[in-house]
Amino acid sequence: MYILYWILLVLDIVHFLHFLSDFFMMELVVVKGECVMRTLKYRKLLDWGCYADIISLVVPLVTFMWGNWLYQLVKLVRLRLLYDFYNYFCTGFQSRFGSLLLKFISVLLILHAMTCGWIMVACREEKFPMNVPEIPPHINATIDYSEWMHPRDRKGGCATVTKTFQVEDKNQFSFVVPKHCKDDYIVSMTYILVLYTHTEMDSILTLNLKQVSYKIIVNFIIYLLDIWILSIAISAVYTKLSELYDYDYNVAKLITYLKHTGLSPTLLQTVENYTKHLWQRQRGNWLPELAQNAPQCLREDIFGALYMYHLMSPPLLRDLPHYFIRQLVTRLNRIVIFPGKMIVQEGDIFPCMYFIHEGEVEKWVTDKGGDKKMISLLSTNDYFGFIPGLFPNSPFQFTYMSRTVVDVVFLRFQDWQDLLQGYPEVKYSLYTAAKPLKKEMMGKN
1 MYILYWILLV
11 LDIVHFLHFL
21 SDFFMMELVV
31 VKGECVMRTL
41 KYRKLLDWGC
51 YADIISLVVP
61 LVTFMWGNWL
71 YQLVKLVRLR
81 LLYDFYNYFC
91 TGFQSRFGSL
101 LLKFISVLLI
111 LHAMTCGWIM
121 VACREEKFPM
131 NVPEIPPHIN
141 ATIDYSEWMH
151 PRDRKGGCAT
161 VTKTFQVEDK
171 NQFSFVVPKH
181 CKDDYIVSMT
191 YILVLYTHTE
201 MDSILTLNLK
211 QVSYKIIVNF
221 IIYLLDIWIL
231 SIAISAVYTK
241 LSELYDYDYN
251 VAKLITYLKH
261 TGLSPTLLQT
271 VENYTKHLWQ
281 RQRGNWLPEL
291 AQNAPQCLRE
301 DIFGALYMYH
311 LMSPPLLRDL
321 PHYFIRQLVT
331 RLNRIVIFPG
341 KMIVQEGDIF
351 PCMYFIHEGE
361 VEKWVTDKGG
371 DKKMISLLST
381 NDYFGFIPGL
391 FPNSPFQFTY
401 MSRTVVDVVF
411 LRFQDWQDLL
421 QGYPEVKYSL
431 YTAAKPLKKE
441 MMGKN
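Once you know that position 289 of the sequence shown is 289 in UniProt numbering, the rest is easy, because the numbers rise by one and skip nothing.
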């Protein structure tokens with residue numbers, strides 16, 4: 001029993017140190033327009049959790065004055081730390097492991113609470129609820145009395161059933177209780193687990209109406225707990241597999257169509273490999289459908305955070321008004337290209353400008369002798385195809401080939417013509433500045 005006291009003391013000390021450490025936490029505050037880290041100190045007293053910690057530390061001390069252990073139940077207020085754990089780790093850090101750990105802890109705490117409830121309902125009675133038959137010698141021989149004892153020899157205790165024996169040709173059984181109080185928890189937990197797992201084992205019985213009522217309540221809680229756990233499992237499986245199923249279905253439909261059109265097996269294998277790599281890299285999505293169909297203001301925020309810096313790379317786009325750039329960024333698209341693939345070939349007329357979000361792209365040119373040579377290597381945050389993306393009839397002057405897996409953000413000419421028509425002054429200034437660059441590029445070639 002003294003071990004339990006020491007465990008509670010250690011937990012109280014740990015919680016007290018945690019309470020003190022909160023006063024020395026750093027928080028980010030704005031002072032004269034600047035973000036500054038400051039110690040929390042006495043501002044911690046403005047938090048309701050501070051007073052919950054004080055109550056959970058002070059009130060249990062009354063136990064040592066009046067000897068009533070019910071005051072220890074106030075320590076349950078510390079369960080509010082689970083709410084902090086949910087906010088910081090599950091919501092703040094988006095930790096998947098933290099979310100699973102919180103659910104696991106919740107189930108354990110519910111089982112622990114039901115175990116303690118059974119001890120209070122069935123194991124702390126002044127008198128045993130029924131007459132206990134005498135245990136025959138051959139049954140006594142199977143009982144280890146260093147761990148068990150007769151119910152009349154101990155006040156209270158969680159009773160468990162002995163083996164069945166016959167008295168006057170009738171089957172009867174008796175009861176024993178743990179010799180030590182701390183072992184009541186093991187017997188009580190066994191009963192709760194028997195109920196939870198729906199195991200047909202009558203080693204522990206309900207002996208009066210109070211215990212039957214508690215069993216009904218526990219069964220009701222267990223069914224709700226089963227429903228909750230099952231819903232979490234179904235949700236996890238559906239979330240993980242539904243996207244994969246839809247993606248596989250669309251890929252299979254595409255492969256079947258290409259096969260029926262007579263596409264060569266080599267190209268079919270290339271397409272299939274591409275779709276597999278695409279799934280492994282980003283679950284098959286170029287951009288989630290929700291982001292594409294979100295309200296305009298939300299799309300501007302999302303796309304601006306993801307891709308705005310790409311539009312700031314070309315000097316001509318960088319000088320455009322912010323209200324125009326903010327809308328233009330929502331017209332960007334993204335695609336993954338795997339190593340050794342030709343993104344665009346020299347001489348192609350394809351009105352599109354490309355921004356390298358991640359990866360490396362080789363830039364090739366064909367000399368007068370017809371030989372191809374690499375002249376430069378473009379990397380993350382570089383761009384190409386700016387002039388063809390502005391002037392639809394301008395061919396690409398170079399060939400661009402992926403060296404690594406490349407995330408490319410691209411802007412097609414037709415995708416932003418409505419913006420240019422809506423802001424004629426922006427269009428005029430953009431094309432006025434771009435025409436000299438076009439003449440210079442065409443002159444070099």
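Cβ coordinates follow ideal geometry from the N, Cα and C atoms, glycine included.
Three-state secondary structure assigned by DSSP to residue i
i: residue 440; result: helix
i: residue 173; result: coil
i: residue 414; result: helix
i: residue 355; result: strand
i: residue 134; result: coil
i: residue 50; result: helix
i: residue 299; result: helix
i: residue 342; result: strand
i: residue 160; result: strand
i: residue 307; result: helix
i: residue 154; result: coil
i: residue 337; result: strand
i: residue 165; result: strand
i: residue 378; result: strand
i: residue 21; result: helix
i: residue 15; result: helix
i: residue 231; result: helix
i: residue 106; result: helix
i: residue 139; result: helix
i: residue 276; result: helix
i: residue 115; result: helix
i: residue 203; result: coil
i: residue 427; result: helix
Exposed unless 16 or more other CB atoms sit within 10 angstroms - verdict on residue i
i: residue 339; result: exposed
i: residue 176; result: buried
i: residue 246; result: exposed
i: residue 33; result: exposed
i: residue 142; result: exposed
i: residue 198; result: exposed
i: residue 56; result: buried
i: residue 7; result: exposed
i: residue 53; result: buried
i: residue 344; result: buried
i: residue 383; result: buried
i: residue 388; result: buried
i: residue 436; result: exposed
i: residue 329; result: buried
i: residue 310; result: buried
i: residue 408; result: buried
Proximal residues to residue i (C-beta, below 6 Å), its chain only, five neighbours per side dropped
i: residue 9; result: none
i: residue 204; result: 160, 191
i: residue 139; result: 162, 163, 165
i: residue 136; result: 165
i: residue 158; result: 123, 184, 187, 188
Distance cut-off 8 Å: residue i Cβ against heavy atoms of the ligand NAP
i: residue 206; result: Inclusion of the ligand NAP in the displayed structure is not the case, the ligand content being empty and no account of it being possible.
Sub-9 Å separation of residue i and residue j beta-carbons
i: residue 154; j: residue 132; result: no
i: residue 40; j: residue 22; result: yes
i: residue 69; j: residue 214; result: no
i: residue 355; j: residue 394; result: no
i: residue 332; j: residue 396; result: no
i: residue 390; j: residue 431; result: yes
i: residue 400; j: residue 342; result: yes
i: residue 364; j: residue 375; result: yes
i: residue 361; j: residue 277; result: no
i: residue 353; j: residue 325; result: no
i: residue 61; j: residue 71; result: yes
i: residue 147; j: residue 178; result: yes
i: residue 130; j: residue 207; result: yes
Same chain only: Cβ atoms within 7 Å of residue i, ignoring 5 sequence neighbours per side
i: residue 258; result: 268, 271
i: residue 78; result: 15, 56
i: residue 210; result: 121
i: residue 427; result: 420
i: residue 386; result: 314, 353
i: residue 125; result: 156
Cβ-based neighbour list, residue i, same chain, cut-off 8 Å, excluding 5 preceding and 5 following
i: residue 26; result: 37, 38, 39, 40
i: residue 281; result: 336, 405
i: residue 218; result: 114, 117, 118, 192, 195
i: residue 392; result: 349, 351, 413
Beta bridge counterpart(s) of residue i as assigned by DSSP
i: residue 373; result: 365
i: residue 184; result: For residue 184, which the question treats as bridged, DSSP gives no partner whatsoever.
i: residue 35; result: 30
i: residue 401; result: 342, 362
i: residue 456; result: This structure leaves residue 456 out entirely; the chain is present only between 1 and 445.
i: residue 449; result: Any property of residue 449 remains undetermined from this structure, which presents the chain solely from 1 to 445.
i: residue 409; result: 334, 355
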